[in-house]
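Reading through the structure tokens given below for one structure.
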Amino acid sequence: MFYRESGDFKTSYRADQQTFPLKLDRWVVWLFIAFAFLVVPFLINDYWEKSVLLPVLVWSMAALGLNILTGYCGQVSLGTGGFMAVGAYASYKLTTAMPELNLFIVIILSGGITAMVGVLFGLPSLRIKGFYLAVATLASQFFLVWLFNKVPWFYNYSASGQITAPERTILGVIVSGPNAPPWATYLFCLTLVVILAIVARNLTRGRIGRSWMAIRDMDIAAEIIGVPPLAAKLSAFAVSSFYVGVAGAMFFMIYLGAAEPTEAFGIDKSFLVLFMIIIGGLGSIVGSFIGATFLILLPVLLKNILVGGFGWPTDLVAHLILMIIGGLIMFFLIVEPHGLTQLWRITKEKLRLWPFPH
Amino acid sequence: MDAQRTFGEPILEVKNISLAFGGVKALTDISFDILKGEVRAIIGPNGAGKSSMLNVINGFYHPQQGEIWFDGQKRQNLKPFQIAKQGIARTFQNIALFKGMSTLDNLMTGRYIHMHSNIFSQALWWGKAEREELQHRQRVEEIIDFLEIQSIRKTPVGRLPYGLQKRVELGRALAAESKLLLLDEPMAGMNLEEKEDMCRFILDANDQFDTTIALIEHDMGVVMDLSDRVVVLDYGRKLADGSPDEVRNNQAVVDAYLGVSHA
Ligand SMILES: Nc1ncnc2c1ncn2[C@@H]1O[C@H](COP(=O)(O)OP(=O)(O)O)[C@@H](O)[C@H]1O
Ligand SMILES: [Mg+2]
Numbered sequence: 001m002f003y004r005e006s007g008d009f010k011t012s013y014r015a016d017q018q019t020f021p022l023k024l025d026r027w028v029v030w031l032f033i034a035f036a037f038l039v040v041p042f043l044i045n046d047y048w049e050k051s052v053l054l055p056v057l058v059w060s061m062a063a064l065g066l067n068i069l070t071g072y073c074g075q076v077s078l079g080t081g082g083f084m085a086v087g088a089y090a091s092y093k094l095t096t097a098m099p100e101l102n103l104f105i106v107i108i109l110s111g112g113i114t115a116m117v118g119v120l121f122g123l124p125s126l127r128i129k130g131f132y133l134a135v136a137t138l139a140s141q142f143f144l145v146w147l148f149n150k151v152p153w154f155y156n157y158s159a160s161g162q163i164t165a166p167e168r169t170i171l172g173v174i175v176s177g178p179n180a181p182p183w184a185t186y187l188f189c190l191t192l193v194v195i196l197a198i199v200a201r202n203l204t205r206g207r208i209g210r211s212w213m214a215i216r217d218m219d220i221a222a223e224i225i226g227v228p229p230l231a232a233k234l235s236a237f238a239v240s241s242f243y244v245g246v247a248g249a250m251f252f253m254i255y256l257g258a259a260e261p262t263e264a265f266g267i268d269k270s271f272l273v274l275f276m277i278i279i280g281g282l283g284s285i286v287g288s289f290i291g292a293t294f295l296i297l298l299p300v301l302l303k304n305i306l307v308g309g310f311g312w313p314t315d316l317v318a319h320l321i322l323m324i325i326g327g328l329i330m331f332f333l334i335v336e337p338h339g340l341t342q343l344w345r346i347t348k349e350k351l352r353l354w355p356f357p358h
Numbered sequence: 001m002d003a004q005r006t007f008g009e010p011i012l013e014v015k016n017i018s019l020a021f022g023g024v025k026a027l028t029d030i031s032f033d034i035l036k037g038e039v040r041a042i043i044g045p046n047g048a049g050k051s052s053m054l055n056v057i058n059g060f061y062h063p064q065q066g067e068i069w070f071d072g073q074k075r076q077n078l079k080p081f082q083i084a085k086q087g088i089a090r091t092f093q094n095i096a097l098f099k100g101m102s103t104l105d106n107l108m109t110g111r112y113i114h115m116h117s118n119i120f121s122q123a124l125w126w127g128k129a130e131r132e133e134l135q136h137r138q139r140v141e142e143i144i145d146f147l148e149i150q151s152i153r154k155t156p157v158g159r160l161p162y163g164l165q166k167r168v169e170l171g172r173a174l175a176a177e178s179k180l181l182l183l184d185e186p187m188a189g190m191n192l193e194e195k196e197d198m199c200r201f202i203l204d205a206n207d208q209f210d211t212t213i214a215l216i217e218h219d220m221g222v223v224m225d226l227s228d229r230v231v232v233l234d235y236g237r238k239l240a241d242g243s244p245d246e247v248r249n250n251q252a253v254v255d256a257y258l259g260v261s262h263a
């Protein structure tokens with residue numbers, strides 16, 4: 001069998017609407033997920049957990065969230081870091097107030113709280129667009145970080161001003177705090193990410209997702225066909241913020257273990273996530289994963305090769321990484337706004353006709 | 001068009017509409033009606049106020065004076081999406097498709113007002129959401145067949161040639177299954193063959209889907225062929241209103257179209 005779209009015919013609309021219409025794609029995805037759940041937990045160690053797997057999962061979640069808002073609904077946001085902070089502080093307040101509450105529920109509730117905050121900060125989007133909206137969301141970024149620094153209630157009046165993740169268990173296994181085994185934190189995050197990625201896919205392929213894309217592509221036409229701009233934009237802000245909030249809660253609770261808002265949730269994080277979706281592909285679920293994986297792994301890889309292998313100085317490599325990422329951003333913005341995903345799609349289209357392109 | 005066609009009561013009545021932008025009077029005291037089942041043409045020179053009239057009808061512009069009656073009721077101040085829900089769909093003079101979406105998704109978006117599954121059902125793609133999606137896909141496929149655009153079903157519409165984009169836009173409006181369909185210059189910029197196709201689609205849509213249609217068109221030949229009655233606008237005023245034959249023989253209309261100065 002050969003990898004291409006031609007010859008893979010569908011006989012029902014249901015089959016035609018599948019997430020991965022190609023049989024081979026479907027197999028690869030299932031194998032990949034099976035591998036991630038059944039094999040990786042046995043191989044994982046501290047290094048892989050902290051440097052690769054958890055960051056990839058956390059930032060994929062954040063990228064999914066921003067992609068819903070920016071890639072699907074066309075509303076640019078530079079507030080991702082701030083909304084991650086909302087998720088982190090919500091999970092902290094919830095789990096310290098109710099230690100018995102299951103961490104899974106804590107994290108989902110944190111997403112819910114972030115969704116509400118997101119709707120609030122999304123209200124200006126009804127009046128302002130594009131660049132001005134980006135500036136408004138930038139303001140929310142700074143406001144939120146300032147708020148979590150300023151109001152001691154948020155960090156339970158701790159002397160350091162930091163928040164620290166307490167130890168919590170799920171089904172008797174420790175998943176947060178310093179004693180959590182790598183396989184447990186990994187499986188916990190993986191489960192969240194897989195479930196919410198499927199949900200994101202479902203939302204974006206149906207009625208609501210089309211209303212987001214309609215607003216993105218031509219808001220006037222969307223309105224005359226019956227899409228209420230208010231509902232469409234605010235639902236995008238809500239869903240997007242939910243994901244970003246869950247990412248923030250995972251980031252703090254599972255990955256960092258302790259956080260201070262300026263450091264952990266600064267504007268650099270907002271840009272990082274934005275770069276991820278630009279490189280991975282705006283308006284693509286898979287693209288969110290590709291972008292996050294790429295931007296997390298690239299520095300790890302280059303550091304291992306250049307510092308570990310060739311003995312280059314660390315700061316030189318750090319700067320080099322920044323320059324490479326900058327170059328890539330420019331490349332994708334100018335040449336291929338739909339990112340790596342689109343390059344893949346083009347390849348597929350070429351393969352459909354291969355070997356006779358005309 | 002044969003003169004024997006008879007129509008029901010008005011689906012839409014425009015009463016004494018006046019609309020101004022600052023000092024510019026786009027519409028002055030316009031009244032006319034559109035009967036259920038008919039094809040109504042709105043014609044007039046460039047800048048006559050035809051597009052403005054459609055914008056008033058679907059709620060983009062709010063006239064300073066006058067009333068709109070839809071389906072027997074006086075219409076309150078509604079937003080465009082609420083008017084869509086009441087049953088008015090339209091196409092634009094400059095194509096306004098969702099460029100990043102496929103033909104299929106554009107048409108499915110046309111079904112938006114008929115779909116009701118909630119966000120949780122959609123998130124799980126379970127029960128109502130999936131059932132609804134398949135049901136409406138069926139309906140959309142009928143329109144795809146009707147417009148003969150099967151081969152571009154999955155193509156992002158931004159990549160289609162102009163004539164096909166116009167057709168997809170008609171498809172999106174048809175997918176809404178509205179009571180009244182407004183078409184703003186559906187044939188502008190098309191070649192003869194494309195125009196003939198479009199004429200056929202409009203007539204068939206009127207016939208098969210029982211859609212009442214109001215269209216703006218410049219090509220007088222097309223107007224005479226397609227429409228049951230014609231309103232003529234000029235400088236924001238109504239110049240004439242009647243059957244294509246009456247309008248064609250109206251001296252004021254002839255003058256306006258030939259550029260003779262107004263008496
Ligand atoms: N949004 C607007 N702002 C200012 N003037 C407008 C606007 N829309 C239409 N007009 C004016 O109203 C008049 C009628 O325009 P329009 O309805 O587009 O004419 P037509 O569609 O018959 O060519 C023109 O003089 C135009 O400049
Ligand atoms: Mg016009």
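Listed in order, the protein sequences are those of chains A and B.
Using the working numbering, read the first sequence as starting at 1 and increasing by one per residue.
Using the working numbering, read the second sequence as starting at 1 and increasing by one per residue.
Ideal Cβ positions, reconstructed from N, Cα and C, are used throughout, including at glycine.
Just so we're clear, the structure is a prediction, and the values are computed from it rather than from any experiment.
DSSP places residue 239 of chain B in the strand class (E or B) of the three-state scheme. Partner residues in the beta bridge of residue 91 of chain B, as assigned by DSSP, are B:183. By the 16-neighbour rule on beta-carbons within 10 angstroms, residue 150 of chain A is exposed. Proximity of the beta carbon of residue 72 of chain B to ligand 1 is not indicated: no heavy atom of the ligand is located closer than 7 angstroms. The continuous beta strand (DSSP E) containing residue 25 of chain B extends over residues 24–35. In this structure, the alpha-carbon of residue 204 of chain A lies about 46 angstroms from that of residue 235 of chain B. In summary, the residues of the segment 89–106 of chain B whose CB is separated from some CB of chain A by less than 8 angstroms are 89, 90, 92, 96, 97, 98, 99, 100, 101 and 105, in the order they occur in the chain. Cβ proximity to chain B below 8 angstroms picks out 283 from the segment 277–310 of chain A. Shortest Cα-Cα distance from residue 100 of chain B to any of A:212, A:160 and A:124 involves A:212. Taking C-alpha positions only, residue 16 of chain B is separated from residue 137 of chain A by approximately 45 angstroms.
Judged by DSSP in its simplified three-state form, residue 10 of chain B adopts strand. Here the residues close to ligand 1, judged by CB distance below 6 angstroms to any of its heavy atoms, are B:21, B:24, B:26, B:44, B:46, B:47, B:48, B:49, B:50, B:51 and B:52 in chain order. The C-beta separation of residue 252 of chain A from residue 163 of chain A comes to about 7 angstroms, placing the pair in contact by the 8 angstroms criterion. For residue 215 of chain B, there is no enclosing alpha helix (DSSP H); the residue is part of the beta strand (DSSP E) that begins and ends at 212–216. In the three-state reduction of the DSSP assignment, residue 155 of chain B falls in the coil class. For residue 195 of chain A, the uninterrupted alpha helix (DSSP H) run begins and ends at 182–205, by DSSP. Residue 117 of chain B belongs to the set of residues whose beta carbon lies under 8 angstroms from a beta carbon in chain A. Within the segment 52–120 of chain A, the runs of alpha helix (DSSP H) that reach at least 4 residues and sit entirely inside it are, in chain order, 54–66 and 80–97. Counting other Cβ atoms within 10 Å of its Cβ, residue 125 of chain B reaches 16 or more and is therefore classed as buried.
Sixteen is the threshold: since fewer than 16 other Cβ atoms of the shown chains lie within 10 Å of the Cβ of residue 11 of chain A, the residue is exposed. Of the heavy atoms belonging to ligand 2, none sits nearer than 7 angstroms to the Cβ of residue 219 of chain B. A Cβ-Cβ distance of about 7 angstroms is found for the pair residue 97 of chain B and residue 218 of chain A, placing them in contact under the 8 angstroms criterion.
Less than 8 angstroms separates the beta-carbon of residue 154 of chain A from that of residue 89 of chain A.
With a threshold of 8 angstroms between beta carbons, residue 144 of chain B makes no contact with chain A. Residue-level contact check: residue 70 of chain B does not touch chain A, since none of the beta carbons of chain A fall below 8 angstroms from its beta carbon.
Your pair residue 288 of chain A and residue 102 of chain A does not check out as a contact, with CB atoms roughly 27 angstroms apart and the cut at 8 angstroms. For residue 243 of chain A, not one C-beta of chain B is nearer than 8 angstroms to its own C-beta. Rounded to the nearest angstrom, the Cβ distance from residue 228 of chain B to residue 67 of chain B is 24 angstroms, too far for a contact under 8 angstroms. Residue 25 of chain A sits in a helix when the DSSP states are folded into three classes. Shown here, residue 175 of chain B sits in a helix according to DSSP, grouped into three states. Taking a Cβ-Cβ cut-off of 8 angstroms, the neighbours of residue 124 of chain B in chain A comprise 199 and 202, given in sequence order.
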